[in-house]
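Structure first, commentary second.
Chains as they are written, first to last, in this note's numbering: chain A, 480 to 926; chain B, 480 to 926.
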């Protein structure tokens, strides 16, 4: 088991690696990396636009980081922005000069969201082929832009989503429904824009960065169809359980009496550019660089880690132990990096989040080991309903807890990882980072 | 999704890698790698013995592969073996010339095991300081060598183990109890041997190859104590639930009225050599070589993979997808190798095993992907209560099943992986391999 100074030293390195990763995906940084202007030329990624050929320039957006993204856009294009509407979560607004910021409910959508989304759609509907719409999408954008299809109440739409969630439907399946019950999702924002050019700058918070998943694909082509919705409902025996208004709308769609979402290949998208401006991969690249600077050559395992948090921890620790045992898959010292979005099947009544739960399980896996430390934390600085971003675990975690008569397996069973780490002073607290590219695991292994 | 010929091609490569791994840990191969003889010199690992200085040479053993190990020993030392007793599972015996083979119950011990263990202990008790005992240990050795301490019935000992298992006690905790309720485990075989030299050749079937875990450490020093047993029972609130005979024996031990297991540092062990002759690491090394020959440079992730099988699959597939996405942690083509022992929390009433369950979950994770194929299989050729060793999964698994109206998530919920893969003709059937170094995952990723 490692000594206390080593424990603190490794915590410091892991923190530095995490902070470097988060800095790389700050909304302003992401926007500046992908959007620049030189006089009357606007460069978005590798595409250039002449501002002279743009009639009106609008800025819209939805997501927890979208107000901060808009601020960076304003700094670049201030004088040219005609108007804008940004939907963000309560407490996530920042003062903007040319865009209206509307704060709304997240993760549960509310009427502020409904009204804000209508304002956003009204603005977009006023655009035309000579205009350019900059769309700033980030995590939470789906809940923050509720626009139920005609005849469906927000409550009925939410009930449908809840039923699907409870049945264990995948995010793809849920989004297929969402897109077909919405006036903005599944590329419908583009449909509404009357042929305006659209540049969508996207901060991804989903595993794999699929454009049609992030914020339910507001500006992305949608390969799914109304009839798929019925297949999904049948799969989970929900056809009879969803609200009548939802079933009626889906039936109209299936029978060709409600408009389909725009499909891949639709000429509409010739004027739409979807661009991921920040993602977990960017964060990992920065983490790699910082780990290397700190003397821990990095090995990225995956940016697409999914699964039950406590089980994921076992696999990661199994890999770390192999490093010490045989020098595989990399020789020590090494910083094993991974990220994604794990899940927690809640069975207890404790306080925690998926990162702290992962760390607690890692503590059990690493018990007694020396020279290994894991930090798992949310890049938004927020893990579950707590003030912590995540937690640290190492070979001393379990024995230090045992010394004050606390059993790690019991805390894990109760899903009470927050209180477990709080008493050990191994919570990782950053405050809100104002960005979100999911979670990061940093696993340092000494030589 | 890959084409059928590619599917079959990758299956062939994965099979070849698996077979090479298993060949490397065949009992005979392991014995020959670590035991050799040149005239009157016996070499065990890097230690040499003069056969002239050995009075009697005995061979004992317990485990599913121990009879096959003894056959290899007989081929080397035939004329010098005085006597031997080998405990193995029903159907796992082989004809031996100088050793008595006793088949017994596994995984549930039975009276044949009790009688056989007594024969083994009688033989060992007849040895003395001038004698050499070769002890051949392999997976299953614990259940195959039941020797309850005086006053405890086999049924009472089994009940204690079962109570611990049901509470989710770790293998370390269960073994601490086992060792303190046994006349052979926890190094007690060495105590019984009257100072005879002992060479223990061990085929490891436990994660991490801990000597005091494999077959409950028949010939290994035991760091645990009677008082630890009470801590463990208290931890799971079992102190009042275990049979009276067990509690009485543990109380006697705690009060110094029953002998402790021999501890690390005990001079007894100066004459004992414990040697791992075959392990998952050996199998992985052979798998690496074969993968390289087949054009898939290997990357060993870990030989210490644990966790819920379906969650482990998600992590492994997350790593494979990252290979295709970013060339990390290794560039394609690559053969990701891992192994260990996963678990399955059974909730359904289907037929399957942990490897097939892992493969089924991998099928879901890989759905639609091309150029990736996973084989997960038990190196003993046996996964769960089935005739299969494991199963193959790739990007076509789910859609091929869907084509005949079978839903992978439903089969997974029912823990019915065997029937799922049987219909797809993607079971991996090898027959018994006569060895066991846990499970192997072979994950091929095309460039």
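Every residue, glycine too, gets a C-beta built ideally from N, C-alpha and C.
Alpha carbon of residue i to alpha carbon of residue j, nearest angstrom
i: residue 904 (chain B); j: residue 675 (chain A); result: 52 angstroms
i: residue 791 (chain A); j: residue 788 (chain B); result: 11 angstroms
i: residue 839 (chain B); j: residue 606 (chain B); result: 52 angstroms
i: residue 824 (chain B); j: residue 824 (chain A); result: 14 angstroms
i: residue 631 (chain A); j: residue 641 (chain A); result: 15 angstroms
i: residue 604 (chain B); j: residue 769 (chain B); result: 45 angstroms
i: residue 761 (chain B); j: residue 732 (chain A); result: 59 angstroms
i: residue 861 (chain B); j: residue 906 (chain B); result: 11 angstroms
i: residue 506 (chain B); j: residue 915 (chain A); result: 53 angstroms
i: residue 612 (chain B); j: residue 513 (chain B); result: 16 angstroms
i: residue 821 (chain B); j: residue 537 (chain B); result: 36 angstroms
i: residue 662 (chain A); j: residue 627 (chain A); result: 6 angstroms
i: residue 501 (chain A); j: residue 867 (chain A); result: 15 angstroms
i: residue 582 (chain A); j: residue 634 (chain A); result: 19 angstroms
i: residue 615 (chain A); j: residue 686 (chain A); result: 19 angstroms
i: residue 645 (chain A); j: residue 758 (chain A); result: 28 angstroms
i: residue 548 (chain B); j: residue 639 (chain B); result: 31 angstroms
i: residue 892 (chain B); j: residue 786 (chain B); result: 17 angstroms
Chain-ordered chain A contacts of residue i [CB-CB under 7 angstroms]
i: residue 793 (chain B); result: 785 and 786
i: residue 782 (chain B); result: 801
i: residue 829 (chain B); result: By Cβ distance, chain A contributes nothing, its closest Cβ being about 17 angstroms from residue 829 (chain B), past 7 angstroms.
Chain B within 7 angstroms of residue i, Cβ atoms only
i: residue 653 (chain A); result: no
i: residue 800 (chain A); result: yes
i: residue 582 (chain A); result: no
i: residue 719 (chain A); result: no
i: residue 665 (chain A); result: no
Chain B residues whose Cβ lies nearer than 7 angstroms to that of residue i
i: residue 807 (chain A); result: 779
i: residue 790 (chain A); result: 786, 787, 790 and 791
i: residue 760 (chain A); result: 805
Nearest candidate by alpha-carbon position, reference residue i, set the options
i: residue 698 (chain B); options: B:748, B:718, B:719 and B:713; result: B:748
i: residue 673 (chain A); options: A:746, A:576 and A:907; result: A:746
i: residue 930 (chain A); options: A:556, A:578 and A:751; result: Look at the range of chain A in this structure, 480 to 926, and you will see that residue 930 (chain A) is not part of it.
i: residue 517 (chain B); options: B:508, B:527 and B:873; result: B:527
i: residue 742 (chain A); options: A:655, A:514 and A:841; result: A:655
i: residue 696 (chain A); options: A:711, A:704 and A:665; result: A:665
i: residue 816 (chain B); options: B:834, B:867, B:785 and B:920; result: B:920
i: residue 509 (chain A); options: A:498, A:497, A:496 and A:524; result: A:524
i: residue 930 (chain B); options: B:521, B:522, B:621 and B:519; result: No information on residue 930 (chain B) is available, as it lies outside the stretch 480 to 926 that chain B covers here.
i: residue 855 (chain B); options: B:908, B:813 and B:846; result: B:908
i: residue 704 (chain B); options: B:601, B:925, B:771 and B:730; result: B:730
i: residue 799 (chain A); options: A:853, A:899, A:857 and A:489; result: A:853
i: residue 830 (chain A); options: A:883, A:643, A:534 and A:898; result: A:898
i: residue 796 (chain A); options: B:803, B:802 and B:783; result: B:783
i: residue 542 (chain B); options: B:552, B:579, B:585 and B:561; result: B:585
i: residue 794 (chain B); options: B:572, B:648, B:845 and B:591; result: B:845
Under 9 angstroms from the C-beta of residue i: neighbouring residues of chain B
i: residue 886 (chain A); result: 714
Short CB-CB distance (under 7 angstroms) between residue i and chain A
i: residue 696 (chain B); result: no
Proximal chain B residues relative to residue i, where beta-carbon distance stays under 8 angstroms
i: residue 819 (chain A); result: 797
Residue i beta carbon near the ligand ATP (any heavy atom closer than 6 angstroms)
i: residue 554 (chain A); result: Questions concerning the ligand ATP fall outside what the structure shown contains, since it holds no ligand whatsoever.
**OP:** Identify every run of the beta strand (DSSP E) within the region 738-811 of chain A, keeping only runs that are complete inside it and at least 3 residues long; order them along the chain.
**Re:** Runs of beta strand (DSSP E) with 3 or more residues, each lying fully within the region 738-811 of chain A, are found at 751-757 and 777-787, listed in chain order.
Subject >> Runs of beta strand (DSSP E) lying entirely within the region 572-632 of chain B, each at least 3 residues, in chain order >> reply: Within the region 572-632 of chain B, the complete beta strand (DSSP E) segments at least 3 residues long are 579-583 and 611-616, listed from N- to C-terminus.
**OP:** Run through the region 804-848 of chain B for me and flag every whole beta strand (DSSP E) of 3 or more residues, listed as ranges in chain order.
**Re:** For the region 804-848 of chain B, whole beta strand (DSSP E) runs of length 3 or above, ordered along the chain, are 813-822.
Subject >> Residue ranges of each beta strand (DSSP E) within the region 675-735 of chain A, 3 or longer >> reply: Assignment of beta strand (DSSP E) within the region 675-735 of chain A, counting only whole runs of 3 or more residues, yields 676-682 in chain order.
**OP:** Run through the region 494-576 of chain A for me and flag every whole beta strand (DSSP E) of 3 or more residues, listed as ranges in chain order.
**Re:** Qualifying beta strand (DSSP E) stretches, in chain order: 514-517, 520-523, 526-529, 536-541 and 560-568.
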